[in-house]
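Position 70, counted from 1, in the sequence shown is what our numbering calls 84; the numbers after and before it change by one each time, with no gaps.
Every residue gets a Cβ at the ideal spot worked out from N, C-alpha and C, and that includes glycine.
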Amino acid sequence: NGRQDVLYRQEVDPKRDPAQRHWLGARVDLSRYAGQDVVLILRTEPLQSADYDWAGWGDLRLLPASGDPAGQYTLVYDREVQIYENQEALPRAFLVGHVQPVADRDAAVAAMRRGGLDPRQVAVVEGAPPAAPAPAGGTVSVVRDDATGATIDVDAAGPAFLVLTDTFYPGWRATVDGREVPIYAADLAFRGVAVPAGRHRVEFTYQPLSFRLGLAVAAVALAVLLAVCVRVAPRRWWGRLRSRPMRRGRA
Numbered sequence: 015n016g017r018q019d020v021l022y023r024q025e026v027d028p029k030r031d032p033a034q035r036h037w038l039g040a041r042v043d044l045s046r047y048a049g050q051d052v053v054l055i056l057r058t059e060p061l062q063s064a065d066y067d068w069a070g071w072g073d074l075r076l077l078p079a080s081g082d083p084a085g086q087y088t089l090v091y092d093r094e095v096q097i098y099e100n101q102e103a104l105p106r107a108f109l110v111g112h113v114q115p116v117a118d119r120d121a122a123v124a125a126m127r128r129g130g131l132d133p134r135q136v137a138v139v140e141g142a143p144p145a146a147p148a149p150a151g152g153t154v155s156v157v158r159d160d161a162t163g164a165t166i167d168v169d170a171a172g173p174a175f176l177v178l179t180d181t182f183y184p185g186w187r188a189t190v191d192g193r194e195v196p197i198y199a200a201d202l203a204f205r206g207v208a209v210p211a212g213r214h215r216v217e218f219t220y221q222p223l224s225f226r227l228g229l230a231v232a233a234v235a236l237a238v239l240l241a242v243c244v245r246v247a248p249r250r251w252w253g254r255l256r257s258r259p260m261r262r263g264r265a
């Protein structure tokens, strides 16, 4: 309603105080704004001196109310830059045991905004798959992953739903053990397929309609060209042969 609340403020002087030349951690509770659309503003102010221009915001993390960031990031490179590995990042492909079906993209957005969903266990799927998954475990191994496709080996303890964290986009096709299966939009942006219990190979291939139409047009053009060559080339060859003068000689 046009109101601004100051949730956190701290004065720092890293230019003159070497002890402050590092990350200064702070945590702010946003639970009072649950269910509301708010704008989070991170701002540095010089106050009365330009000494504060060394300060800056960074490493913003939005966590559940009960989330604990301790141990989530591990330093893996510390030279000219520092690189941290997120230990809680979801894998490239994984199985979930529950599906929350929604009618369309708008309904998926509403479901994701309500929160309370663990993407490791539940997938918001536009159009429910024919077989409902079961909360059972399993393993996933990515065999191949490139710009034109992915091959994934799945060993599911029960019917499950495989989520591949790659963009849901027209032109992708999926097969389970060579049999084509539908691809569903999972969690708004990703691709997902239903897999039965047991060991299976899931393959994603990119075959857009434009590519298939281009192949068809090229095949027709090649066929027409071959037909013309077969029909015209012998006539020209025979005509040139007949027009050449006969040379006489002695044996």
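Chain-order list of residues whose beta-carbon lies under 8 angstroms from that of residue i (same chain, five-residue window excluded)
i, result
"L56", "W71, L74"
"L131", "Q114, A125, V138"
"D118", "E140"
"G163", "E217, F218, T219, Y220"
"A121", "E140"
"R46", "none"
Residues of its chain near residue i, where Cβ-Cβ distance is below 7 angstroms and the 5 sequence neighbours each way are ignored
i, result
"V42", "L21, Y22"
"P133", "L104, D201"
"G152", "L109, V168, D169, A170, A171, A174"
"L236", "none"
"D191", "H214, R215"
Beta-carbon gap between residue i and residue j smaller than 8 angstroms
i, j, result
"R106", "D159", "yes"
"T179", "F204", "yes"
"E217", "T181", "no"
"T88", "Q101", "yes"
"G206", "V177", "yes"
"Q135", "G111", "yes"
Contact belief for residue i with residue j at Cβ below 8 angstroms, rounded distance in angstroms
i, j, result
"V168", "L109", "7 angstroms"
"V113", "P147", "6 angstroms"
"V209", "A174", "6 angstroms"
"P28", "R35", "5 angstroms"
"Q24", "L38", "7 angstroms"
"P184", "P222", "7 angstroms"
"T219", "R193", "The pair is not a contact, with the Cβ atoms about 14 angstroms apart (cut-off 8 angstroms)."
"A40", "T58", "With 8 angstroms as the limit, A40 and T58 do not qualify as a contact, their Cβ atoms being about 13 angstroms apart."
Per DSSP, cross-strand counterpart(s) of residue i
i, result
"V288", "Not covered by the structure: residue 288. The range shown for the chain is 15 to 265."
"Q96", "D92"
"L109", "L176"
"E194", "T189"
"A40", "DSSP, once it has assigned bridges, lists no residue as partnering A40."
"S155", "D167"
"F218", "A164, A188"
"A200", "V139, F204"
"T58", "In the DSSP output, where bridge partners are listed per residue, T58 has none listed."
"R213", "D169"
"P115", "V139"
"Y87", "N100"
Cβ shell of residue i (< 6 angstroms), same chain only, five flanking positions each side left out
i, result
"Y98", "Y87, L89"
"V156", "R106, A107, I166"
Any non-hydrogen atom of the ligand SAM within 7 angstroms of residue i CB
i, result
"A148", "As presented, the structure is devoid of all ligands, the ligand SAM included, so that no description of it is given."
Touching or not, the stretch 131 to 144 and the stretch 198 to 210, by the rule of three or more beta carbon pairs under 8 angstroms?
Segment contact: the stretch 131 to 144 against the stretch 198 to 210, three or more CB-CB distances shorter than 8 angstroms; contact assigned.
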